[in-house]
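Chains as they are written, first to last, in the numbering used here: chain A, 1377 to 1837; chain B, 1377 to 1837; chain C, 1377 to 1837.
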C-alpha cells in the first residue's frame, strides 16, 4: 500500500521542517517574555518580594492545564471512534495542535497589537493559543478521515490566521464578551470546517463507508475524549475571564449547564430510537453541547437556573441534529461532516451567541453592582448601555459566520489542489495510508486456533 | 434484541426529561450565587480590589477538578472491566453522576440549612455534590450489570436524599470530622448498595456468568479508572478540609497511605494465589483502599507513619476480602456484589471510621497547638474533649451503618417493582440491551481471512 | 504455565511485606511533618491567621498532581505498547513507583540533610520523591518485558539510593541548576538502565521476538501515556523552581520546546521511512524529547526562540536514534533497550545538560536584573561567575554519567543472580507469566462464528 500519490515522505517531512523553521525565525524576531515571565521585569525594584502570588501563573496555570488536556486528549481521543483511524485521529490532532498553538501565538500577538514591536507571551497567551487551536480541531472533525496531514497543516495556517482576525474584530474592536468562545471558537470553527468539507465533497465516499463507523473498543477510546472534554469545560470557559467572582461563576455555570445537557442527551437519544436504545454517537458528542452553549454568557449573571435551561436546549438540539439534520446536510447540501461538528459546535455555538447577547442586554447595575464593569469591562469605558452591548454581541455572531463561511470557502478550494496526497475515495478513514500499522496479534491467535481445530476435525473424521 | 420489556425509549426518555424539568424549577426557585460567585456581593465596597485571591475558587477549584476526574473517569472506567459492559459502565456512570450532582446540590443545601430561604452555591457546594455522587457510584458498583438506567436513576433519587440527611446528622448535629468521607461517602455508599443488591438477589444470575468477567483490553480500560482514582485521592480527601496546614497534611497522609496500600495489595495478591500470579481484580481495587481508610483521620495529625500502617491494613483486608469473603457473601448471604464494593469501600470505610475515632480521641493541645481548633473546629465551640469527640465519631459510624442498611432495604424494594425494564437473568452484564452496539470489524477481517484460507486449502487439497 | 521458577507467590509476597515494614519503621523513626504540614508549627503565634496562602501547598500542589499523573499514567501507559504486556507495564509501573516514592522520601531526606535528626516532609518532598521515581521508571523502560517484579523492586532499591546521592552532589555540593532533571532524572535514569540491560543481555531474546511489538489497540493505549507526558511536562519542569517568574517561565519554555519537537518528530518520522509512512514508535517517544532537553535550561532566560531550537534538535536526534542507533546498540554493544530510552531520555538528557551549561554560562545581570539570584540562587552566595557556573554544570553531567554507569553496572550484576524469577527467553514480553490473564471473548465469538460457518458449508457442500 505504498502508493506514491499518498506518500508523505517529502510532502510532510519538508513541510513540517519549513513551517517550524519559519516559526522559529519569527519567534526569534518578534516574541519576548511578558512582565510575569521575564526575570528582570518581574523582580524590578523588588516589587514582588513579599508575595509571588500576584504572578498570573497562579491564577491561570491550573486552568491552562485543563484546557491543554481538552485540546490534546479531549479532541484527540473523541475522534478515535472510527474503527481504523485511531492513529490518525490522535496523531494528526497532535501534529496540527502542536503547529497551531505556535502559529496562533504569532497571529494573535500580531493582530491584537504589538508592544514596542514585540509580542509578549505568558500563560494567558498560552491559553489563547490553545483556544485558537481548538477551533482548528473542530474543523478537523468535519474533514476527519478524508484529508492528508499536509492538507490539515495547510488548513491550520489559514484557519489560525482568520481566527485571529475575527477574534480581534470581536474582542478588540466591537469589544464584546466571549470568554468561552461560543462565537470565536465554536461557531467559527464549525462553519469554517463545514464549508471546507463542502468544497472537498466526495461523491464516491460510500466506497469507504464500511470504515466510517465505530467498533466496540474504539467507542470506549472515544469516551475518554468525551469525558475529559466534559469535566474540564468549566475550566475552558473560565480560563481567561476576569479574576475572582467572574472566573468562579463561569466555572459553576458551565458545570450546571453540562449536567443538565447530559440528561437531555440521554433523554432524546432514547426517544429518537425506535428500539429504545441509546446511541454512543449522541452520548459522545451531544452531552458536550452544554459547554459550548454557555461559552459567551457563562461569565455573566446567567444563574444556575439559566445555565441549566441553556444546557438542556443545547443537548436537545444536538441529539436531534445528529438524528435528523446530519443526513439531510449530506444528501441535500453535500456536506460530509464526519464527526457531526454542526451538531456539537455549530448549532450550540449559535445558541450560545444568542444567549450571550440576550443576557448582556439584560445586564443591570441592580444585579451586578460594582461587579458590572468587571464583567463588561471594555464596554464601560465607551459609555455602554446593556441594549447596545447586546446588539454588538449579535453583530459579532454575524461577523463570525461571515468570516467562517468565506474563509472556509477559500481554504477549501486551496485544499482541493491535488498536490497534498489526499486519500483516494476507496481509502478514506484508513490509517494504513499514512501510518505503519502493526498486524493484529489476536487475529493470528485465532487463525492458529482455527487451523488447529480444522486439523483436529479432519483427524476425527 | 429489541425486547419491549427492556425498551428504554419512553421509560428513560420521559424520566430524564421529568427529572431535569423538576431540577430546573427547583434551582430557579431555591438556588442563588454565594458571596464568592455573585458579581454584586463579591465586589461590594471594592473590598477585593487589592487581591482577588481570597476567593475560595483559588483554594478549592484545583481540588474540585481532581475530584471531578475521579467521579467521571475514575469510577466510570474502573467499572469497564466487564467484557461486554463498557458502554453501560462509562455511560450510566455519566448519566447518574450528572443527575446526582444536581439533585445533591438541592438536597445538601436544603438539609444543611437555607440562607434566607435560598441555597447558596459555589465551588464548595460543587465538591460536596460530587462527593455525594461518589456515594451513589459506589452503590452502582454493587448492582453493576443487573440494573436498567431507570432503576439507577430511581436509586440515585433516594440515595442522594438519605446521604444528605446522614451527612447532616454527622457534620451538622454530631459535629464530627469526616472530610474525606470514610463514613459519609464510603461506608454509606457501600452498605446502601450491598443492601440494594441483596434485595435484588437473582438466583439465576449464573445464566449470565460467562459475561461476568473481563477480557484483556477491558482490564486495561479499568486500569485507567484505577490509576486516576489512586492519583487524585489526596485531592479528594483534602478538598474540603480547612485551608493551610490541614489541606496540605491531608493530601500528604493520603499519598503515603496509598503507596503503602499498594505494596500490601501486590504482596497479598501474590500470596493468595497458588500459582503465584497477580490478580488484576486486586490491583484495580484493593490498591485504592488506602485512600478510603484515611478519609476521616487524614486531616488529623495521623503522621505519615500512621497513614502507612492504615494503608497497609486496608490493602490487606481488601485483598483477603476479594479472595475469601466475596464468595461467602454471595453463597451464604445472597449478596451479589459485582465490583466487590464491600472490599474496596465497605470494610476500608469502617476501618477509616475507627481510625478516625481513635485519632480524634488521642488529639491534644500538645500535638496540635493552636491548630487544634482548626482541625476540630465545630467541637471547640461546644466544650470539646478529645475522648468525647472520639466517642461521637464512633456513634457516627453506627448512625451511618443504620441509615445505609435501612435506606438500602427500602430502596431495594422500590427498585424491585417490575416496571423499570431491568435486564433478564440471561442478559445481565450485556450492553446490547440498552445500547446500539457496533459490530466487531476485527471479526469480519478474521472471518474473511479464514474463508480465504479455507478456499485455498480446498484448491490445494 | 505455573512454572515454579517464575512463581511469584513467596518471592514477591514476602519481599513486598518486608520492604513495606522496613519503610514503615523508618518513617516512624525518622519522618516528621514540616512547617507547612504541622498543625502546631503552622499555626504558631497565629502568624497565618490573615491568609493561608503562604502555605507552599498552594504554590506546588497543582504541579505535584500533574507530575503524579506523568509518573503513574504517563510512564505506565506509555509502556503498554507491547501486545501482551499491558498488565505488567501498568501494573509493575504502579508497584515500583509506589515503592520508590516512599524509599526516595527517606533517601533524599537522609542524604540532603536531617533537621534535628528528622526528615521533614511536605509537598516539595512529594514532588522530589516522584521525580526520583521517574528516574527508576526510565530504567524500567530499558528492561521492560525481560525482568520479574522482584528484580524491578531490587533495582529500585539501588537506583533510588544512587539517585539521591548523585542529586545531592549536583544540587547540594556543586550547587548547580537542574530543576527539570535533564541530568539528575533523565541522563541518570537512562544510562543506569542501559547499563543494567547491558549486563542482563539475553543472546536468545529473539525467541520472544514475535511478542516484542505492538498491536493496533496497544498503540492507542500507549498514546494515552504519551499525550499525558507531553501535556504535563511544563508542570514537571517547573514544579520545584523558585516561585513567580521562574516557575512561570519554565512552564512556558517547556511548552514551546515540546511543540517544536513535535513538528520535528513528524518531519523526520516521515523522512526516514522509504514508504513515507509515520511510525507510532517515533510519535509516542520522540515527541517528548523536547521536554527532556529543556529540563535544565527551562528556568533560565532561554527565551521561546531558544526553547524551540532545543526542542527541534531533540526531536530530530530522537527519531534518528530510533531509526539508526537503536539497532546498532543492540547488535554491536549488546544493549537491548525495549523502549528506546536512549533516544527519549539518554541523548536528549545530555543535550539538555549541555544547553543548561551554555545558558548558565551566558547569564548576565543585564538580562536577569534582580532576578539573577532567584534563578541561580545557591551560586550567588559563593561569589558566582556565569562561566564558573556553566563549568560546574558541565562537571555535573560527567558526574551523573559516571554514577549512572557504575551504579547500573553493579546493579545489573546483582540482578543477574538467578533467584528473582526472571522470565525465560521464550516468555519475555508476556503477561501470563506473572498475571492471571483472562481469555479473549472476541476469539470465542469468532471461533463460534467460524465453526457455525463451517457446518453450514458442510451442509451445503
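Idealized CB from N, CA, C, for every residue including glycine.
For residue j and residue i, the rounded distance between their alpha carbons
i, j, result
"residue 1574/B", "residue 1677/A", "47 angstroms"
"residue 1765/C", "residue 1492/C", "31 angstroms"
"residue 1381/C", "residue 1448/A", "44 angstroms"
"residue 1384/B", "residue 1388/C", "49 angstroms"
"residue 1497/C", "residue 1610/B", "15 angstroms"
"residue 1690/A", "residue 1713/A", "19 angstroms"
"residue 1616/C", "residue 1500/C", "7 angstroms"
"residue 1647/C", "residue 1772/A", "44 angstroms"
"residue 1600/A", "residue 1761/C", "50 angstroms"
"residue 1606/B", "residue 1634/B", "7 angstroms"
"residue 1517/C", "residue 1703/A", "48 angstroms"
"residue 1622/A", "residue 1421/C", "35 angstroms"
"residue 1433/C", "residue 1469/A", "34 angstroms"
"residue 1683/B", "residue 1631/B", "9 angstroms"
"residue 1577/C", "residue 1576/A", "54 angstroms"
Close-in-space but distant-in-sequence residues of the same chain around residue i (CB under 8 angstroms, 5 per side omitted)
i, result
"residue 1505/A", "1476, 1477, 1478, 1480, 1481 and 1484"
"residue 1430/B", "1424"
"residue 1811/A", "1463, 1464 and 1467"
"residue 1390/B", "none"
"residue 1652/B", "1646"
"residue 1639/A", "1688 and 1691"
Under 9 angstroms from the C-beta of residue i: neighbouring residues of chain A
i, result
"residue 1786/B", "Per Cβ cutoff of 9 angstroms: no residues; residue 1786/B is ~25 angstroms from chain A at best."
"residue 1385/B", "1646, 1647, 1648, 1649, 1650, 1651, 1652 and 1653"
"residue 1431/B", "1619, 1620, 1621, 1623 and 1624"
Within chain A, partners of residue i - CB distance below 7 angstroms
i, result
"residue 1342/B", "Shown here, chain B extends from 1377 to 1837; a query on residue 1342/B therefore has no answer."
"residue 1474/B", "1635, 1638 and 1639"
Same chain only: Cβ atoms within 6 angstroms of residue i, ignoring 5 sequence neighbours per side
i, result
"residue 1673/B", "1731, 1732 and 1735"
"residue 1520/B", "1455, 1714 and 1715"
"residue 1737/B", "1762, 1763 and 1766"
"residue 1450/A", "1601, 1604 and 1605"
"residue 1626/A", "1613, 1614, 1617, 1674 and 1675"
"residue 1828/A", "The predicted model places residue 1828/A with a pLDDT of 43, which falls under 50 and marks its position as unreliable, so this point remains unresolved."
Under 8 angstroms from the C-beta of residue i: neighbouring residues of chain C
i, result
"residue 1438/B", "1437, 1438 and 1441"
Own chain partners of residue i with C-beta closer than 7 angstroms, once the 5 adjacent residues on each side are dropped
i, result
"residue 1787/A", "1531, 1534, 1535 and 1572"
"residue 1488/A", "1544 and 1548"
"residue 1538/B", "1779 and 1783"
"residue 1798/A", "1523, 1524 and 1527"
"residue 1441/C", "none"
Cross-chain neighbours of residue i in chain B, by beta carbon under 7 angstroms
i, result
"residue 1416/C", "1743, 1744, 1745 and 1747"
"residue 1751/A", "1415"
"residue 1680/A", "1403, 1407 and 1497"
Partners in chain B for residue i, counting only beta-carbon separations shorter than 8 angstroms
i, result
"residue 1590/A", "1814"
Closer than 8 angstroms at the beta carbon, the chain A residues around residue i
i, result
"residue 1714/C", "Neighbours of residue 1714/C on chain A: none; closest Cβ ~16 angstroms, over 8 angstroms."
Within the chosen definition, does the region 1642 to 1657 of chain C reach the region 1703 to 1710 of chain C through at least 3 CB pairs nearer than 8 angstroms?
no
Ordered list of beta strand (DSSP E) runs contained in the region 1430 to 1458 of chain C, each at least 3 residues:
none
Pairing CB atoms from the region 1691 to 1701 of chain B with CB atoms from the region 1634 to 1650 of chain B, are three or more of them under 8 angstroms?
yes
Tell me whether the region 1400 to 1414 of chain B and the region 1660 to 1669 of chain A touch, counting them as touching only if at least three CB pairs, one residue from each stretch, are closer than 8 angstroms.
no
Using a Cβ distance threshold of 8 angstroms, determine whether the region 1546 to 1563 of chain B contacts the region 1773 to 1781 of chain B, with at least three qualifying pairs required.
yes
Does the contact criterion of 3 or more C-beta pairs under 8 angstroms hold for the region 1795 to 1811 of chain C versus the region 1584 to 1598 of chain C?
yes
Going residue by residue through the region 1728 to 1782 of chain B, where are the continuous alpha helix (DSSP H) segments of at least 4 residues, counting only ones entirely within it?
1741 to 1744, 1748 to 1751 and 1753 to 1756
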